[in-house]
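What follows is a short report on a single structure.
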Amino acid sequence: MSEEIEIKLALPEAARRAFLRHPLLARAQRLPARKLVNVYYDTPDLALRGQGIALRTRRQGRGWLQTVKCAGAVLGGLTLRPEWEQPFAGRFDFSAVDDAGVRDALERHRLAGELAPAFETVFERRGWRLAPSRGSAALILLDRGWIAADGRREALCEVEIELERGDPAQLFDIARALAAELPLRPEIRSKAERGYRLRANAPPSPVKAAPSPLLPAHAPREAFARVAAACLAQFQANALGAGEADAEFIHQMRVALRRLRSALRLFRPLLPEGFEAAVVPPLRELASLLGQARDWDVLAEEILAPACRAFPGDARLAALAVAVDSRRQAARAAVPPALAARPLALALLDLAAGLQRAAAAPGEASLADFAARRLRRLRRKALALAQAARDMEPARLHALRIGVKRLRYAAEFFAPLYRQRGVRDTLAALTALQDSLGALNDLSRAGPLLVQCLDSDPALREAVALTGGWHGPRHAVLQRLTLQGLRRLRKLKPFWKD
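Numbered according to full-length UniProt numbering, the sequence shown spans residues 1 to 498.
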């Protein structure tokens, strides 16, 4: 078995010539260009995919190569996965696969005669070998071609930076040097994953936060790397759907960034000096843009739409809905270009590099002790904010919402370390309070947005007044729910003391 360690970067076709002129390639050893034809195999019900196994044959020159890969760790754009390669003579041979579970699964499907072509990739590969430092070597590979499945075809243009020997951290140095001058962005999808999606003819779907990946045995710095990597993976998965009509992609991107920034704040005592300053500003700028788009989505779907349903056929509300939708579409159209911005790509690479270093750092203090200290601090802060917000003043409620959100995210991150009953009770209380505070905040933010749509039109002013009046009773209900949530928050027992 060998371990494939690489960074994958998406390259726009329009930037291909600029990539080929990059000075880094001029200093590298050019390798012969090759045309690679790859056929991926699976069972009719895609059992291998379900088990995290990719089986491929590749034509190289006059011969064929069989490759088995398994799902591995992903940090930003860095992928570490086990693989087994051997010549392919027309029939599958899995004797070289030294992982018994993987080998048994493959043999079972082979003996049952279930393995059949699922999709193929065909591309030209141009390569360069670079020696970043003494004793190290990396390959820079440009793959350009297509993925084909069931009569459908999808273009492929990506850069892989693969470690031959040395420190994986050097891959980020190479990636950053390229991304500083080219519109590259980390690509989390393997060619196999893209092939399966094309075969299913399935558009991307919004991705919610995964359960915390932590274990009690993790050291605090490793815990940070795992938590932040999960947040980053959620963000990158939803970024693939940024141009889709479903507003949930933008919402889940925003959630992922909030969780990521909360993780950075939570683990701040362990982070290298200057790390946050390097990665946070582009994330904050993008979060602000996503927040604007999300505000218009909420206004359209959760504030204005219920009022329109309550007063069907009202021309004033219909005109207001048109004005809101125009601004909503403009806000959403600003998101894809922001995701392609160079500062964001560099920040994501810097973040992934930091996560790789943190994951490899030696162990230190107990994670449980670190978690208890941080949770204790966040709870004290939330209780102080709750005390201040009893008068329901909007600015204080806003501060409380942020404090509750940070405590909730920390509780979710550290949940696997503690008895689940206490964690569930705490998360249920925090989620309910955050929901009522969030709904109050949405109503508060709706007013200024609606004012932007008035355009000196009396009918639109009447529509705004009608919408506000219709939500009046709901506002009162949300205030009562918030007061109940504050009382419940004060009664919660710290689960980290169990």
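Virtual Cβ for every residue (Gly too), placed ideally from N, Cα, C.
All values reported here derive from a predicted model rather than from experimental measurement.
State the DSSP-derived secondary structure class of Y41, mapped to helix, strand or coil. strand
Same chain, Cβ closer than 7 Å to V255, neighbours up to 5 away in sequence not counted: A209
Compare the beta carbon distance of A230 and L24 with 8 Å and say whether it is the shorter of the two. no
Alpha helix (DSSP H) segment containing G151, residue limits: Counting along the chain, G151 falls outside any alpha helix (DSSP H), and DSSP gives it neither H nor E.
Would you be able to state if there are at least three C-beta pairs under 8 Å between the region 339-351 and the region 224-244? Judged by Cβ distances under 8 Å, the region 224-244 makes contact with the region 339-351, as three or more pairs qualify.
With C-beta atoms as the reference, is E160 less than 8 Å away from K8? yes
For G485, does the three-state DSSP call read helix, strand or coil? In the structure shown, G485 sits in a helix (DSSP, three-state: H, G or I).
Below 6 Å CB to CB, which residues in the same chain sit around A338 once its five sequence neighbours on both sides are set aside? L286 and L289
Report yes if the C-beta distance between L266 and F413 is below 8 Å; otherwise report no. Their beta carbons are under 8 Å apart, which means L266 touches F413 by this criterion.
For A436, which three-state DSSP category applies? In the sequence under discussion, the amino acid at residue 436 is Ser, which differs from the Ala named in the question. Here S436 sits in helix by DSSP.
Closest Cα partner of Q292 within the set G151, L417, L111 and V335: V335
Under 8 Å between C-beta atoms of L139 and I53: L139 is not a Cβ neighbour of I53, given a cutoff of 8 Å.
Among residues of its own chain, excluding the 5 on either side of A15, which ones have a beta-carbon nearer than 6 Å to its beta-carbon? L182 and P183
Span of the alpha helix (DSSP H), counted from its first residue to its last, around G113: Run containing G113: none; DSSP gives neither H nor E here.
For N201 and L454, what's the separation of their Cα atoms in angstroms? Their backbone Cα atoms lie some 43 Å apart in a straight line.
Kindly confirm or deny that the region 294-314 and the region 130-147 touch, where touching means at least three C-beta pairs closer than 8 Å. Contact check between the region 294-314 and the region 130-147: fewer than three CB pairs, one atom from each, fall below 8 Å, which does not count as touching.
Inter-stretch contact (C-beta, 8 Å, three-pair minimum) for the region 428-446 and the region 400-420: The way I'd put it, the region 428-446 does touch the region 400-420; three or more beta-carbon pairs between them come closer than 8 Å.
Considering Cα atoms alone, identify which of F92, L375, R185 and G166 is closest to P117. F92
Grab the span of the beta strand (DSSP E) containing L55 for me, first residue to last. For L55, the enclosing beta strand (DSSP E) begins and ends at I53 to Q60.
Consult DSSP for K208 and reduce its assignment to one of helix, strand or coil. coil
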